[in-house]
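Read left to right, the sequence shown gives residues 287 to 571 (my numbering). Notes follow the structure.
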Amino acid sequence: MSSDDEASTASGTPENRLRKELPEEIRATAPAPKVPEEKEAGGEPTLTGRQRLVKGLWPPRVSRAQLIVALLLFGLGFGLAVQVASNSDSGSALRGARQEDLVRILDELDSRTQRLEDEKQGLEDQRTELENSSDQAEEARKQTVEREKQLGILAGTVAAQGPGITLTINDSKGTVEADMLLDAIQELRAAGAEAIQVNGVRVVASTYLTDSDKGVSVDGNKITQPYRFKVIGKSQDLEPALNIPGGVVQTLEKEQATVTVEPSTKIVVDALRPAKQPDYARSSQ
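What follows is the structure, encoded as structure tokens:
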């Protein structure tokens, strides 16, 4: 307790009040009142700040936990103060702005919103384009696979089935030659045949026929009678093409061969040719 506090406390006691009421001559000779000493909880007298400083009890000891808590509280308070100040500055800046400035700020916000909407629409368009591209790529892949099958049928590397006819030639006399069978193949191709198989040999663009001992060879493979042609195509076009006057059927019958043509809704051509890798030709694409 300081000297001023002691004086204040002393002046409030009954002795001091009574001393003030005495005449000046008596007060000068009366002894000064004593200031009562405050006691601490343990019975010790309460020391003033000066007494504590003299005895080495000031500043009081602070624990580490108290120091950390104090620093955290200081940081939290400082952050709140900065935030409040920032919000106050922003609000006060807008409140103090002119009407023209507020209109300009609003226009800028509208422009930014429009730019964001445009970017969003652009991204959605890109996503749609990618999805369509994926669909187009899948469709192109399907078309490519289908095209490969079609080319495989023409090249003889893929089995085929469909409507057509079966042409059977019985040559008991041995008078049928390779050129007669080649004429039949050419006639069938001209009538729209899409796949032809002769006695288990697939006929392709490079197929050739030669005469051999008691038979005919197709691409070097010897075949014997009866010669059976499996042909896929429109039977209404194939059969008349073979029976035209002076055509294949009449020519073979003149050689004493027996010819039969049987249309069918399902002809299976399953003889295959190995895919040949070209030695010189390359794709130009």
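Glycine residues also receive a C-beta, built at the ideal position from the N, C-alpha and C atoms. Keep in mind the model is a prediction, meaning the values are calculated, not measured.
Residue burial annotation: G486 is exposed, with fewer than 16 other C-beta atoms found within 10 angstroms of its C-beta. Counting the other CB atoms within 10 Å of its CB gives G365 a total below 16, which places it among the exposed residues.
A buried status is given to D457, since no fewer than 16 other beta-carbon atoms sit within 10 Å of its beta-carbon. A distance below 8 Å separates the beta carbons of T454 and T546.
Judged by beta-carbon spacing, E434 lies beyond the 8 Å limit of V534, meaning their Cβ atoms are not closer than that value. Rounded to whole angstroms, the Cβ separation of T452 and K552 is 11 Å, and the two are not in contact under 8 Å.
When only Cα atoms are considered, D497 and A464 end up about 5 Å apart.
For G408, the enclosing alpha helix (DSSP H) covers residues 385 to 441.
Between A477 and D523, the CB-CB gap stays under 8 Å. By the neighbour-count definition (other C-beta atoms within 10 Å, threshold 16), L495 is a buried residue. In terms of Cα proximity to D505, the closest of A491, Q511, I518 is A491. For I471, the enclosing alpha helix (DSSP H) stretches over residues 464 to 476. Rounded to whole angstroms, the separation of the alpha carbons of I482 and P560 is 16 Å. For a cut-off of 8 Å, the C-beta gap from I518 to G408 is around 53 Å, too long to register as a contact. Counting C-beta atoms within 10 angstroms of its own C-beta, R488 has 16 or more neighbours from the protein chains shown and is therefore classed as buried. With respect to D556, A445 sits close: the two C-beta atoms are nearer than 8 Å. Here Q511 carries a coil assignment [DSSP, helix/strand/coil]. Taking S420 as the centre and dropping the five residues before and after it, the same chain places no C-beta closer than 6 Å to its C-beta.
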